[in-house]
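Below is one structure, written out as structure tokens, with a few remarks after it.
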Amino acid sequence: MSMDSPLPSPLPSAAPPTPSIPKMTPRTEPSNASLRSSSHTNSTQQSSASPTTPSDPSKASTSATETTPRRRFSKPEVRPPEHIINLDLPPRERYKEIGKIYKDKLQALTPLFDEVLDPVPHKKLVSFIARHILRRVCSREEQEEIRGLVEVTDLPMYLIVAFNTLLDTFMGCTSGAVRLAHDPEKPYSDENRDKMLHFRTLDWGMDSLRELVILVHYQRGGKTIAQAITYAGFVGVLTGVRQGLSLSLNFRPAASENTRRRTINFHKILVLLGIRPSVSSQLRNFLFTKPKEELPTLAQIIHEFPRTPCTPCYVTLCDGDFAAFLEKDITHANVSLSEEFVSGTNHDVRMEAWKAAEYDAFTKSHPIPEAGGIAVDLLDDSQQRKRCVGRLYAAAASTRASRKAKKKRVEPGIGIKTVVSWCQAWPITNECTHFSCVMDPKPGEFAWMRYHAQPPDER
């Protein structure tokens, strides 16, 4: 399913979608039939394919040797340090223990802030202004959590606020979801293909952040209600899972063609001033809410989130039955929905058809002229990673389909070991990868993860 939001409200399969936008009403529970209807009546723009008709990434303009994984790792799971966030505590107390443990490492964020601003014109002026305006975030609850971190780390408020509002704008990532073949005896029957898994790698060139990677268990009443792989000192959510939903955030280098730059800049200023929430703060609200508040379903999120003001980004969502990939702009989104497979990295689908002229225009239009060439390199890297995922899926799906056609008894189709091998294939995992993981939203848990305390290599 591909569409420009605002989206129509999900409807039962018996009724066609209405093109008009309904007024906001109290949240109701759309059925899975709503999603099933829309996913079958609309073509999927992002990389989505049935196992019997896999997409053909080989048609990409780059050669196969560029995008074929050069090595698959066979290394065991490695978990980052684990911590509990007790949501029953007052917000100011929740992150203090983490702040105390990582105090010395968090204090290294000061030069990191200057490193982030390095390519920005008039860096000294921007740095001076940032130190005076970065005083708060939009959520009062998160503001109190940040105050607690400031108290125990002795870091200035602006630095923790910058970390929490700018962190989600510099990541390179690969995300996707795929349906498993459940029963080895019947890997193709609909009743046995019972769930989708959500896979994810997070890449960032700043190695100093590796030692801040942690796994947090959000608890209420002594029970874990959600989990996230995040960074110490960060109170939003970049990669998380709870029962019924998994989510991951990818950096988007450019907004949609029709979005004016001044609109984007205005929104970003409102985020930095604490008037609007950051993307990671909005995703946190999908993962857990205040006591007695209803958790949103996947159907509700893809109906409401696209028109919610938000920094341009990519978001992958999965509930175990369906998966969605959103190319999110300020107040709309292109949504790809599938029961079989979705994937996305750090570029729009439209960019995959770009010629030299489009890349040249993109370079010249970059807000930081010196960084235009780097941005193009990142787009090329992003497309290589996406083609790798597509080839791996196409190979698994086509093998499964051909064996079925020959009516031979075969081994299971796509299983969790296959998905794990995708996450660890080069360049999906690369020298900038901080961690890889596979999430299972049905029970609401991480099925597998690998934390890279040191930059991975191809060996």
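If you're matching positions, the sequence shown starts at 1 in full-length UniProt numbering and goes up one per residue. We treat Cβ as the ideally placed atom computed from N, Cα and C, and that holds for glycine.
Practice problem: Kindly provide the ranges of any alpha helix (DSSP H) runs that are 4 or more residues long and lie completely inside the segment 132-166, ordered along the chain. | Solution: 140-153 and 157-166
Quiz prompt | DSSP-derived helix/strand/coil call for GLN219 | solution = Mapped onto the sequence shown, residue 219 falls at position 219. If DSSP states are grouped into helix, strand and coil, GLN219 belongs with the strands.
Quiz item: For PRO441, does the three-state DSSP call read helix, strand or coil?
Solution: As a first step, residue 441 is located in the sequence shown; it is residue number 441 there, counting from the start. Three-state result, PRO441: coil.
Quiz prompt | Own chain residues within Cβ distance below 7 Å of LEU270, not counting five before or after | solution = Translated into positions along the sequence shown, residue 270 becomes position 270. ARG276, listed in sequence order.
Practice problem: Return the chain-ordered list of same chain residues with a C-beta closer than 6 Å to the C-beta of THR153, the five sequence neighbours on each side being excluded. | Solution: Walking along the sequence shown from the start, residue 153 turns up at place 153. Excluding sequence neighbours, THR153 sits near GLY99, LYS103 and LEU106.
Quiz prompt | Integer-rounded CB distance, given that LEU379 should sit under 8 Å from MET351 | solution = By 1-based counting over the sequence shown, the position of residue 351 is 351. By 1-based counting over the sequence shown, the position of residue 379 is 379. Contact flag correct, Cβ pair sits at about 6 Å.
Exercise. Using the Cα positions of ALA356 and GLY205, report the straight-line distance between them to the nearest angstrom.
Key: To locate residue 356, count along the sequence shown from 1; it is residue 356. To locate residue 205, count along the sequence shown from 1; it is residue 205. If you take the alpha carbons of ALA356 and GLY205, they lie about 27 Å apart.
Exercise. Go ahead and pull the three-state DSSP assignment for ASN430.
Key: On the sequence shown, residue 430 is found 430 positions in, with the first residue counted as 1. The answer is coil: DSSP assigns ASN430 none of H, G, I, E or B.
Quiz item: Tell me which same chain residues have a C-beta within less than 8 Å of the C-beta of SER278, skipping the five on either side of it?
Solution: On the sequence shown, residue 278 is found 278 positions in, with the first residue counted as 1. VAL137, CYS138, ASN164, THR165, ASP168, GLY236, VAL271 and THR311.
Practice problem: Can you have a look at THR289 and say buried or exposed, based on whether 16 or more other CB atoms are within 10 angstroms of its CB? | Solution: Mapped onto the sequence shown, residue 289 falls at position 289. That one is exposed.
Practice problem: Can you check DSSP and say which residues form a bridge with ASP203? | Solution: Indexing the sequence shown from 1 puts residue 203 at position 203. ASP203 is bridged to GLY172 and THR433.
Practice problem: Report the rounded CA-to-CA distance for LEU273 versus ILE133, giving the unit in angstroms. | Solution: On the sequence shown, residue 273 is found 273 positions in, with the first residue counted as 1. On the sequence shown, residue 133 is found 133 positions in, with the first residue counted as 1. Answer to the nearest angstrom: the Cα atoms are 7 Å apart.
Self-check item: Endpoints, the alpha helix (DSSP H) within which ASN285 is located
Solution: Locating residue 285 in the sequence shown gives position 285, counting from the first residue. 279-287 is the extent of the alpha helix (DSSP H) around ASN285.
Quiz item: Straight-line CA distance for LYS59 to ARG385?
Solution: By 1-based counting over the sequence shown, the position of residue 59 is 59. By 1-based counting over the sequence shown, the position of residue 385 is 385. Low per-residue confidence applies at LYS59: pLDDT is 38, beneath 50, and the placement is therefore not dependable enough to give any value.
Quiz prompt | Buried versus exposed call for GLN424 [16 or more other C-beta atoms within 10 Å across all chains shown] | solution = Numbered from its first residue, the sequence shown carries residue 424 at position 424. Its Cβ being crowded by 16 or more others within 10 Å, GLN424 is buried.
Quiz item: Which residues in the same chain have their Cβ closer than 8 Å to the Cβ of GLN454, if we skip the five residues on either side of it in sequence?
Solution: Here residue 454 is taken as the residue at index 454 of the sequence shown, counted from 1. These residues qualify, in order along the chain: ARG210.
Quiz item: I think ARG242 touches GLY444, with their Cβ atoms under 8 Å apart; what is that distance to the nearest whole Å?
Solution: Mapped onto the sequence shown, residue 242 falls at position 242. Mapped onto the sequence shown, residue 444 falls at position 444. ARG242 to GLY444, Cβ: 5 Å. Contact.
Quiz item: DSSP puts ARG242 in a beta bridge; with which residues?
Solution: Along the sequence shown, read from residue 1 onward, the residue named residue 242 stands at position 242. In DSSP, ARG242 forms a bridge with LEU245.
Practice problem: Pick helix, strand or coil for CYS310, following the three-state DSSP scheme. | Solution: As a position in the sequence shown, residue 310 is number 310, starting the count at 1. It is coil, neither helix nor strand.
Self-check item: Within 8 Å, strictly: CB atoms of residue 517 and PRO306
Solution: Residue numbering for the chain in the displayed model covers 1 to 459; residue 517 lies beyond these limits and cannot be assessed.
Exercise. Have a look at the DSSP bridge pairing and note the partners of THR197.
Key: The count along the sequence shown starts at 1 and reaches residue 197 at position 197. Reading the sequence as shown, one finds Leu at residue 197 and not Thr. DSSP output for LEU197 lists VAL178 as bridge partner(s).
Quiz item: Can you tell me the Cα-Cα spacing of THR230 and TYR314, whole angstroms?
Solution: Along the sequence shown, read from residue 1 onward, the residue named residue 230 stands at position 230. Along the sequence shown, read from residue 1 onward, the residue named residue 314 stands at position 314. Rounded to whole angstroms, THR230 to TYR314 spans 17 Å at the Cα level.
Quiz item: Is the Cβ-Cβ distance between MET449 and CYS437 less than 8 Å?
Solution: Locating residue 449 in the sequence shown gives position 449, where the first residue counts as 1. Locating residue 437 in the sequence shown gives position 437, where the first residue counts as 1. The answer is yes: Cβ separation under 8 Å.
Quiz item: Residues bridged to ALA323 by DSSP?
Solution: The residue given as residue 323 occupies position 323 in the sequence shown. Answer is CYS318 and SER338.
Practice problem: Determine the burial state of residue 522: buried for a count of at least 16 other Cβ atoms within 10 Å of its Cβ, exposed for fewer. | Solution: Not covered by the structure: residue 522. The range shown for the chain is 1 to 459.
Self-check item: Residue range of the unbroken alpha helix (DSSP H) whose run includes VAL265
Solution: Mapped onto the sequence shown, residue 265 falls at position 265. A quick correction: the sequence has Asn, not Val, at residue 265. Here the alpha helix (DSSP H) through ASN265 covers 261-272.
Quiz item: According to the Cβ coordinates, are ARG94 and ILE85 closer than 8 Å?
Solution: Counted from its first residue, the sequence shown places residue 94 at position 94. Counted from its first residue, the sequence shown places residue 85 at position 85. Result yes, Cβ atoms of ARG94 and ILE85 sit closer than 8 Å.
Self-check item: Limits of the unbroken beta strand (DSSP E) element including ILE85
Solution: Mapped onto the sequence shown, residue 85 falls at position 85. ILE85 -> beta strand (DSSP E) spans 82-86.
Quiz item: Using CA coordinates, which residue listed in ASP88, ASN265 and THR308 is at the minimum distance from GLY221?
Solution: Counting from 1 along the sequence shown, the entry for residue 221 is found at position 221. Nearest option by C-alpha distance: ASP88.
Quiz prompt | Limits of the unbroken alpha helix (DSSP H) element including THR363 | solution = In the sequence shown, residue 363 corresponds to position 363, counting from 1. From DSSP, the alpha helix (DSSP H) with THR363 extends over 356-365.
Exercise. Provide the residue span of the alpha helix (DSSP H) that contains ILE416, from first to last.
Key: Taking the sequence shown and counting its residues from 1, the one referred to as residue 416 is at position 416. Taken as a continuous stretch (DSSP letters only), the alpha helix (DSSP H) holding ILE416 covers 416-424.
Self-check item: Distance between GLU151 and LYS96 (C-alpha atoms, nearest Å)
Solution: By 1-based counting over the sequence shown, the position of residue 96 is 96. By 1-based counting over the sequence shown, the position of residue 151 is 151. For LYS96 and GLU151, the distance between alpha carbons rounds to 8 Å.
Exercise. Sort LEU112, GLN282, SER246 and GLY172 by Cα distance to ALA447 and report the nearest one.
Key: What you label residue 447 is simply residue 447 of the sequence shown in a count that begins at 1. Here the closest residue by C-alpha is SER246.
Self-check item: Where ASN430 falls, given that 16 or more other Cβ within 10 Å makes a residue buried
Solution: Within the sequence shown, numbered from 1, the residue matching residue 430 stands at position 430. ASN430 is buried by the Cβ-count criterion.
Exercise. From the DSSP output, in three-state form, read off GLN227 for me.
Key: Here residue 227 is taken as the residue at index 227 of the sequence shown, counted from 1. Correct three-state label for GLN227: strand.
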